[in-house]
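**Student:**
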Amino acid sequence: MRALVAPVLGALGFVLIWQIAVLLRVADPILLPPPAEAFTETWRGFATGTLAHDTWRTVERTGLAFLIASAIGVPLGVALGAQERLYRGVEFVVDFFRSTPASALFPLFLILFGPGEGTKIAVAAFGAALVILFNAAYGVINARRTRVLAARIMGASGPRILVDVLIWEALPQILVGMRGGVSLALVIVVVAEMFIGSTDGLGHRVINAQMLFESGLMYGVIFVAGALGYLLNLGFLLLEKRFVHWSGR
Amino acid sequence: MKLTPRETAITIRGLYKAFGGHPVYSGFDLDVKRGDILAIFGPNGCGKSTLINMAAGLLPRDGGDILFDGREVAEIRVGYVFQNYREALFPWRRAADNIRYPMRRMGLPAAQVEARLQSLAERFRVRFDLNRYPYELSGGQQQLVSIMRALAVEPEVLFLDEPFSALDFETTLSLRDLLQRVLKDLGITTILVSHDLEESIILADRLLMLTRRPTTVADDVPITLPWPREAEALAAPGFMALKARCLDVFQRAVAAA
Ligand SMILES: Nc1ncnc2c1ncn2[C@@H]1O[C@H](COP(=O)(O)OP(=O)(O)OP(=O)(O)O)[C@@H](O)[C@H]1O
Ligand SMILES: [Mg+2]
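Protein chains in written order, with our numbering: chain A, 10 to 258; chain B, 2 to 258.
(1) Determine the burial state of D66/B: buried for a count of at least 16 other Cβ atoms within 10 Å of its Cβ, exposed for fewer.
(2) Could you tell me the boundaries of the beta strand (DSSP E) in which H23/B lies?
(3) Write down the C-beta distance between I260/A and G136/A rounded to the nearest angstrom, noting that I regard them as a contact closer than 8 angstroms.
(4) R106/B touches chain A at which residues, Cβ-Cβ below 7 angstroms?
(5) Distance cutoff 8 angstroms, beta carbons only. Does P103/B sit that close to anything in chain A?
(6) May I ask whether a heavy atom of ligand 1 can be found less than 7 angstroms away from the beta carbon of N85/B?
(7) In terms of DSSP beta bridges, what is D162/B paired with?
(8) Measure from the alpha carbon of W52/A to the alpha carbon of each residue in P181/A, F245/A, L226/A and V99/A, then state which is nearest.
(9) Looking at C-alpha atoms only, which residue of G82/A, I77/A, L247/A and L25/A is the closest neighbour of G148/A?
(10) Check whether the Cβ of L180/B lies closer than 8 angstroms to any Cβ atom in chain A.
(11) Within the continuous beta strand (DSSP E) that includes A219/B, where are the two ends?
(12) I11/B lies in the alpha helix (DSSP H); which residues open and close that run?
(13) Could you work out which residue in I39/A, L85/A and L247/A is closest to S224/A when comparing CA atoms only?
(14) Kindly examine ligand 2 and report whether one of its heavy atoms sits closer than 7 angstroms to the Cβ of K49/B.
(15) Label L131/B either buried or exposed according to how many other C-beta atoms from any shown protein chain fall within 10 Å of its C-beta, with 16 as the threshold for buried.
(16) Regarding D197/B and ligand 2, is the C-beta to nearest heavy atom distance less than 7 angstroms?
(17) Applying a beta-carbon distance threshold of less than 8 angstroms, which residues of chain B neighbour R153/A?
(18) Can you give me the start and stop residues for the beta strand (DSSP E) that L211/B sits inside?
(19) Flag A112/B as yes if its beta-carbon sits less than 8 angstroms from any beta-carbon of chain A, otherwise no.
(20) Who are the neighbours of Y136/B on chain A, taking C-beta pairs under 8 angstroms?
(21) So with CB distances below 9 angstroms, who are the chain B contacts of W177/A?
(22) Fully enclosed by the region 69-117 of chain B, which beta strand (DSSP E) runs are 3 residues long or longer?
(23) Name, in chain order, the residues that DSSP records as bridge partners for G64/B.
(24) Note down, in chain order, every chain B residue with its Cβ under 7 angstroms from the Cβ of L158/A.
(25) At a Cβ cut of 7 angstroms, what residues of the region 75-86 of chain B count as close to chain A, listed as they run along the chain?
(26) Among V233/A, S166/A and R258/A, which residue has its Cα nearest to the Cα of T64/A?
(27) How far does the beta strand (DSSP E) with L39/B in it extend, from its first residue to its last?
(28) Around the C-beta of H213/A, are 16 or more other C-beta atoms found within 10 angstroms, so that it is buried, or is it exposed?
(29) Let me make sure I understand the geometry here. Which of T216/B, L235/B and L68/B has the alpha-carbon closest to that of Y26/B?
(30) Taking the alpha helix (DSSP H) that R230/B falls in, what are its first and last residues?
(31) Secondary structure at E223/A, three-state DSSP: helix, strand or coil?
(32) Is the region 217-230 of chain B in contact with the region 177-192 of chain B, if contact means three or more CB pairs nearer than 8 angstroms?
(33) Taking just the CA atoms, how far does W255/A sit from A56/A?
(34) Can you list, in chain order, the residues of its chain with a C-beta nearer than 6 angstroms to that of L249/A? Leave out the 5 residues immediately preceding and following it.
(35) Measuring CB to CB, does L204/B end up less than 8 angstroms from D221/B?
Laid out in structure tokens, this is it:
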């Protein structure tokens, strides 16, 4: 309970400053509606509008992109990490595309996957996969050498060492990669929903609200997207705590 | 010291090892008697770890032979206890599962695995809960788990690389006590690397003192003190005399370098 006090106070403070800014007329009320209005608009969006559906669509796309990214990134990263020389060979390419803004890839992926769902999910999966791959490979490369030697002396063969030691050693880093990957996938999906022929999703809803001057709703959608990102991050942090109980001890 | 072939557990002949062109061992020979505890003592960087790592098959050698009763290391069962127990145990497995691990790799049936685990716990008078994770145990308990893990396969040769150097004095004393009893009970041929002269003498049947690189034997000291050697043995006259002799050799060897 105690742990909740600080964040709740912080959030209340934020709303208070917002309200004061509205009262002082810092900006045009069209651009900055009072928090109560943003709240009721968002409520209405959920109750009678399509906001729940939009949120679900964004979650669905992000989840699908993340699953594809993990299915490719984890095994490939572990395999490359186990062959360090091979990884050094492809490291530059991985680093290069990891540093490339994913948005710059939209045109290319549009040609490859067409203007439908495919492109949104493919770009998000591509971006997330690189983050996951990179982390998985480094997790394996940085495996404690003593543990590998210990396993070898206890009679573990190469594949056995991979399964019994390297993957476990890399697990904390793999989960860090997944956390980064899912956040990036959400970012890319929301951007894609704004600009690539969408009829639903939070990105679509936020840009629609902006164009229709529904600024209360616009802020509401922004907060829903923010909450989504925050919860995904939190979920993975809890997962890390639960599954890598030994990390850092 | 003359050993008959039957008595010899480890034979090292013409060992050669270099790092970046600088030899650590150049024509090094050694015989270790079956059932002996051999302590290796020498200055930092003289190649103690390098020697046992080559013997244990963890490090390739550049020349010469290391044979165990005529066999290569891959053909025998060995145990190895690392200095850094924190990095040697598997923290994702419970202590008991760490000890079971090498037995499972050997393909022992489950019943035998449990029986051996039980008997090891009794031999080492384990009073803490082996179903805990390593990081929930004290340093001494973790190193004890490492030692039990190394002994679980009933090794023909046991290697220990400065096993107590990260532990406090009290823990070291009690672990030394347990270890010597068990090793002498089971008669396991052991090579112990230590940078503690008292420890090398109290735990060993024979003490090998090495020089700086290129590494040679400064002295080869038989330790004939009676077993078991408890903490009081550290004050016995025989022990004091040996320690004085070794200190003298050590100082001359270091001064000569
Ligand atoms: N992989 C390596 N590459 C280059 N030099 C090495 C390597 N491993 C060991 N050496 C060198 O070989 C020498 C012997 O190393 P080793 O670790 O065997 O010494 P040690 O006697 O165990 O020392 P310490 O008491 O510090 O543990 C040292 O001078 C070390 O610098
Ligand atoms: Mg060493």
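Just so it is clear, CB atoms sit at the ideal spot from N, CA and C, and this is done for glycine as well.
**Tutor:** On the basis of the supplied data:
(1) Along the second sequence, read from residue 1 onward, the residue named residue 66/B stands at position 65. D66/B is exposed by the Cβ-count criterion.
(2) Position 22 of the second sequence, counted from the first residue, corresponds to residue 23/B. Counting along the chain, the beta strand (DSSP E) containing H23/B begins and ends at H23 to K34.
(3) A question about residue 260/A goes unanswered here, because the residues of chain A that appear run from 10 up to 258.
(4) Here residue 106/B corresponds to residue number 105 of the second sequence, with the count starting at 1. By Cβ distance, chain A contributes M163, G164 and A165.
(5) Against the second sequence, residue 103/B aligns to sequence position 102. At least one chain A Cβ lies under 8 angstroms of P103/B.
(6) Start at 1 with the first residue of the second sequence, and residue 85/B comes out as number 84. Because no heavy atom of ligand 1 lies under 7 angstroms away, the Cβ of N85/B does not count as near it: no.
(7) Looking up residue 162/B in the second sequence gives position 161. Answer by DSSP bridge pairing, in chain order: V194/B.
(8) Translated into positions along the first sequence, residue 52/A becomes position 43. Closest option to W52/A, Cα to Cα, is L226/A.
(9) For the purposes of this step, residue 148/A is identified with residue 139 of the first sequence, where counting begins at 1. Ranking the options by Cα distance to G148/A, first place goes to G82/A.
(10) For the purposes of this step, residue 180/B is taken as the residue at position 179 of the second sequence. L180/B does not count as touching chain A.
(11) As a first step, residue 219/B must be located in the second sequence, where it is residue number 218. From DSSP, the beta strand (DSSP E) with A219/B extends over V218 to P223.
(12) The sequence position of residue 11/B within the second sequence is 10, counting from 1. Element bounds for I11/B: not the alpha helix (DSSP H) but the beta strand (DSSP E), T9 to F20.
(13) Taking the first sequence and counting its residues from 1, the one referred to as residue 224/A is at position 215. Considering only alpha carbons, the answer is I39/A.
(14) Position 48 of the second sequence, counted from the first residue, corresponds to residue 49/B. Checking the Cβ of K49/B against ligand 2 gives yes.
(15) Mapped onto the second sequence, residue 131/B falls at position 130. When all chains shown are included, L131/B counts as buried.
(16) Here residue 197/B corresponds to residue number 196 of the second sequence, with the count starting at 1. Answer for D197/B: no, Cβ out of range of ligand 2.
(17) Against the first sequence, residue 153/A aligns to sequence position 144. Those are E88, listed as they occur along chain B.
(18) Position 210 of the second sequence, counting from 1, holds the residue named residue 211/B. Run containing L211/B: R207 to L211, per the beta strand (DSSP E) assignment.
(19) Taking the first residue of the second sequence as 1, we reach residue 112/B at position 111. It does not; no Cβ of chain A falls within 8 angstroms.
(20) If you number the second sequence from 1, residue 136/B lands on position 135. Correct list: W255 and R258.
(21) One-based indexing of the first sequence puts residue 177/A at position 168. Simply F91, P92, W93 and R94.
(22) 79-82
(23) Translated into positions along the second sequence, residue 64/B becomes position 63. Y17/B, per the DSSP bridge assignment.
(24) On the first sequence, residue 158/A is found 149 positions in, with the first residue counted as 1. By Cβ distance, chain B contributes L59.
(25) V79, Y81, F83 and N85
(26) Here the question's residue 64/A lines up with position 55 in the first sequence. Nearest option by C-alpha distance: V233/A.
(27) Locating residue 39/B in the second sequence gives position 38, where the first residue counts as 1. Counting along the chain, the beta strand (DSSP E) containing L39/B begins and ends at I38 to F42.
(28) Taking the first sequence and counting its residues from 1, one reaches residue 213/A at position 204. Buried, by the Cβ-count rule.
(29) By 1-based counting over the second sequence, the position of residue 26/B is 25. Here the closest residue by C-alpha is T216/B.
(30) The count along the second sequence starts at 1 and reaches residue 230/B at position 229. No alpha helix (DSSP H) holds R230/B; DSSP gives it neither H nor E.
(31) Within the first sequence, the letter at position 214 stands for residue 223/A. Three-state result, E223/A: coil.
(32) yes
(33) As a first step, residue 56/A is located in the first sequence; it is residue number 47 there, counting from the start. As a first step, residue 255/A is located in the first sequence; it is residue number 246 there, counting from the start. Near 44 angstroms, if we compare the C-alpha coordinates of W255/A and A56/A.
(34) For this step, residue 249/A is matched to residue 240 along the first sequence. First, the amino acid is wrong: residue 249/A is Glu here, not Leu. Contacts found: L184.
(35) Taking the second sequence and counting its residues from 1, one reaches residue 204/B at position 203. Taking the second sequence and counting its residues from 1, one reaches residue 221/B at position 220. No, these two residues do not count as a Cβ contact at 8 angstroms.
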